[in-house]
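**Q** Mind having a look at this structure? Questions to follow.
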């Protein structure tokens, strides 16, 4: 029986990380305040359901309770499990697209197979965004909000230099591996492998960037 390795969260981003309150008394206090002055709401005329206005102000932070606050990743509905059934203990590589555009690891974009390193990259970009208060990669979308893999790779190269030759060799050998189930885009285009999904190739056999002469499909994230 194949062993299952820890899941890879396809949507690990700041929006999916919740922070606990510093004190258990904050929510009871908030509920008590609502009896005196309830927050704004409206009632759906079709269902009769009451919808309350979003509220994110629970008063000033209590410094004495900072030790009780910790981040909690959420939304694992699209997580992917990797098998580990080989005799040598090697982890099976994933090939299908994962991660939000801004946090997408280079091995995912290049289609050379991904594993735990993709999660480490994802976490590293999130930590940068938290500490610096800005995104590490800013030009990964076009004017219409569509993911542009070529622009994302260009930003990675500008920051970190060209990708290792080993990564490019793996990309050439794996990017066109057929998926067991194709992905259908919102424009009803069907993708059967990473090369079709992300476009490319973006490098020649010497590791130099090349100009893609055929259309690159831009993917909405």
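Residue numbers (the numbering used here): 58 to 278. Positions of the beta carbon are idealized from the N, C-alpha and C atoms, including for glycine.
Residue 206: buried (16+ other C-beta within 10 angstroms of its C-beta) or exposed?
**A** Along the chain shown, read from residue 1 onward, the residue named residue 206 stands at position 149. Its Cβ being crowded by 16 or more others within 10 Å, residue 206 is buried.
**Q** Mind checking which residues open and close the alpha helix (DSSP H) that includes residue 174?
**A** Along the chain shown, read from residue 1 onward, the residue named residue 174 stands at position 117. Element bounds for residue 174: 173-189.
**Q** Determine the DSSP secondary structure at residue 105, reduced to helix, strand or coil.
**A** Taking the first residue of the chain shown as 1, we reach residue 105 at position 48. Note: residue 105 maps to coil in three-state DSSP.
**Q** Return helix, strand or coil for residue 92, following the three-state DSSP convention.
**A** In the chain shown, counting from the first residue as 1, residue 92 sits at position 35. Here residue 92 sits in helix by DSSP.
**Q** Please state whether DSSP places residue 155 in a helix, a strand or coil.
**A** Position 98 of the chain shown, counted from the start, is the residue given in the question as residue 155. Residue state, collapsed to three classes: coil.
**Q** Which value, in whole angstroms, describes the spacing of the CA atoms of residue 77 and residue 150?
**A** Position 20 of the chain shown, counting from 1, holds the residue named residue 77. Position 93 of the chain shown, counting from 1, holds the residue named residue 150. Cα to Cα, residue 77 sits roughly 34 Å from residue 150.
**Q** State the DSSP-derived secondary structure class of residue 262, mapped to helix, strand or coil.
**A** Taking the first residue of the chain shown as 1, we reach residue 262 at position 205. Reduced to three states, the DSSP call for residue 262 is coil.
**Q** Could you spell out the range, first to last residue, of the beta strand (DSSP E) harbouring residue 138?
**A** Translated into positions along the chain shown, residue 138 becomes position 81. Residue 138 -> no beta strand (DSSP E), and no H or E assigned at all.
**Q** Of the choices 152, 158, 214 and 72, whose alpha-carbon is the least far from that of residue 139?
**A** Working through the chain shown from its first residue, we reach residue 139 at position 82. Checked all of 152, 158, 214 and 72; the closest Cα to residue 139 is 152.
**Q** Three-state secondary structure (DSSP) at residue 117?
**A** The count along the chain shown starts at 1 and reaches residue 117 at position 60. Three-state result, residue 117: coil.
**Q** Write down the C-beta distance between residue 73 and residue 132 rounded to the nearest angstrom, noting that I regard them as a contact closer than 8 Å.
**A** Taking the first residue of the chain shown as position 1, residue 73 is located at position 16. Taking the first residue of the chain shown as position 1, residue 132 is located at position 75. Correct: roughly 4 Å between the Cβ atoms.
**Q** Go to residue 230, then tell me how far its alpha helix (DSSP H) extends in each direction, as first and last residue.
**A** The residue given as residue 230 occupies position 173 in the chain shown. Where residue 230 is concerned, the enclosing alpha helix (DSSP H) stretches over 222-231.
**Q** Comparing alpha-carbon positions, which option in 255, 128 and 175 lies nearest residue 204?
**A** Locating residue 204 in the chain shown gives position 147, counting from the first residue. Answer by Cα proximity: 255.
**Q** CB-CB under 8 Å to residue 224, same chain, minus the five flanking residues each way: which ones, in chain order?
**A** Within the chain shown, the letter at position 167 stands for residue 224. Only 163, 164, 167 and 169 meet the Cβ criterion.
**Q** My guess is that residue 252 and residue 209 are in contact by the Cβ rule of under 8 Å, so how many angstroms apart are they, rounded?
**A** Counted from its first residue, the chain shown places residue 252 at position 195. Counted from its first residue, the chain shown places residue 209 at position 152. With 8 Å as the limit, residue 252 and residue 209 do not qualify as a contact, their Cβ atoms being about 16 Å apart.
**Q** Closer than 8 Å is the cut-off here; do at least three beta carbon pairs connect the stretch 235-243 with the stretch 184-201?
**A** Taking 8 Å as the limit for Cβ pairs, the verdict is that the stretch 184-201 does not touch the stretch 235-243.
**Q** Are the CB atoms of residue 91 and residue 110 within a distance shorter than 8 Å?
**A** For the purposes of this step, residue 110 is identified with residue 53 of the chain shown, where counting begins at 1. For the purposes of this step, residue 91 is identified with residue 34 of the chain shown, where counting begins at 1. Against a cut-off of 8 Å, the Cβ pair of residue 91 and residue 110 comes out as no contact.
**Q** How should residue 174 be labelled, buried or exposed, when 16 other C-beta atoms within 10 angstroms of its C-beta is the threshold for buried?
**A** On the chain shown, residue 174 is found 117 positions in, with the first residue counted as 1. The residue in question, residue 174, is exposed, as its Cβ has fewer than 16 Cβ neighbours within 10 Å.
**Q** Look up residue 99 in the DSSP assignment and say whether it is helix, strand or coil.
**A** Position 42 of the chain shown, counted from the start, is the residue given in the question as residue 99. Three-state result, residue 99: strand.
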